[in-house]
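Under this note's numbering, the letters of the sequence shown match residues 2 to 178, in that order.
Glycine included, C-beta positions come from ideal geometry on N, C-alpha and C.
No experiment lies behind these values; they were computed from the predicted model shown.
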Amino acid sequence: LKRVGINPTRNGILDVLRSMGANIEVLNSRTSAGEPVADILVRSAQLKAVRVANPIIPRLIDELPVIAVAMAVAEGVSVVNDAAELRVKESDRIAAITSELGRMGVVIEPTPDGFIVDGSKSRLRGTNVNSHGDHRIAMSLAVAGLIADQTTNIDNAEVVNISYPEFWNTLQALSRQ
Numbered sequence: 002l003k004r005v006g007i008n009p010t011r012n013g014i015l016d017v018l019r020s021m022g023a024n025i026e027v028l029n030s031r032t033s034a035g036e037p038v039a040d041i042l043v044r045s046a047q048l049k050a051v052r053v054a055n056p057i058i059p060r061l062i063d064e065l066p067v068i069a070v071a072m073a074v075a076e077g078v079s080v081v082n083d084a085a086e087l088r089v090k091e092s093d094r095i096a097a098i099t100s101e102l103g104r105m106g107v108v109i110e111p112t113p114d115g116f117i118v119d120g121s122k123s124r125l126r127g128t129n130v131n132s133h134g135d136h137r138i139a140m141s142l143a144v145a146g147l148i149a150d151q152t153t154n155i156d157n158a159e160v161v162n163i164s165y166p167e168f169w170n171t172l173q174a175l176s177r178q
């Protein structure tokens with residue numbers, strides 16, 4: 002991945018994925034338009050369960066839905082706490098991601114301030130899912146759809162244009178690599 006933002010106040014996802022065993026290298030760190038960016042090389046790796054809670058939550062609050070997807074394929078039970086703010090985003094992201102990943106075969110339960118995912122008992126399968134009008138939920142479900150057994154159809158998928166108009170082109174290019 003080229004020119005990925007790595008601002009230390011927003012790069013918590015890299016730390017969590019690494020703690021799960023992800024093989025991620027940050028290369029060619031530099032500044033672009035006053036922000037730190039780098040190229041990121043990701044290699045396949047078996048993920049393991051993790052607990053995510055403060056103090057890291059503010060650095061990855063918006064990435065927690067896609068982290069839930071990673072947790073769905075990790076070995077063991079993962080837990081997210083201290084993330085009640087997810088309930089007051091563009092959607093109730095805790096309710097949305099637990100509902101839709103559950104429809105896809107993930108063993109996931111909401112909690113008042115997060116969720117619990119049993120990756121050992123989960124198997125992603127494609128189905129019809131709902132973005133809940135939330136760009137981050139739609140993008141997370143698209144990532145889940147890439148690794149699901151069958152086709153995934155996302156209702157209101159165009160909502161990704163709110164934050165990432167090139168998302169579908171980028172995802173298609175990455176899935177060919």
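Query                                                                                                                                                                               : Result
Jot down the residue ranges of each uninterrupted beta strand (DSSP E) in the region 59 to 115, minimum 3 residues, whole runs only, in chain order.                                : 78 to 81 and 108 to 112
Would you give the residue range spanned by the alpha helix (DSSP H) that S45 belongs to?                                                                                           : Neither: S45 is in no alpha helix (DSSP H) and is coded neither H nor E.
Are the Cβ atoms of I14 and V43 separated by less than 7 Å?                                                                                                                         : no
Answer yes or no: do L125 and A145 have a C-beta to C-beta separation smaller than 7 Å?                                                                                             : yes
In its own chain, which residues sit with a C-beta less than 8 Å from the C-beta of P37, not counting the 5 before and 5 after it?                                                  : G6, I7, N8, P9, S30 and R31
Decide if the region 164 to 174 is in contact with the region 95 to 103; the criterion is three or more beta carbon pairs, one per stretch, under 8 Å apart.                        : no
Give every residue of the same chain whose Cβ lies closer than 6 Å to the Cβ of L2, excluding the five residues on either side of it in the sequence, and list them in chain order. : I41
Tell me the DSSP bridge mates of V5?                                                                                                                                                : A39
Do A73 and V27 have their CB atoms nearer than 7 Å?                                                                                                                                 : no
Starting from R31 and walking both ways along the beta strand (DSSP E), at which residues does that stretch end?                                                                    : N24 to S33
Determine the extent of the beta strand (DSSP E) in which I155 is found, giving its start and end residues.                                                                         : N154 to D156
The beta strand (DSSP E) that contains N131, what's its start and end?                                                                                                              : N129 to N131
Quick check on DSSP: helix, strand or coil for R124?                                                                                                                                : coil
Measuring alpha carbon to alpha carbon, tell me which of I68, A23 and D83 ends up nearest I109.                                                                                     : I68
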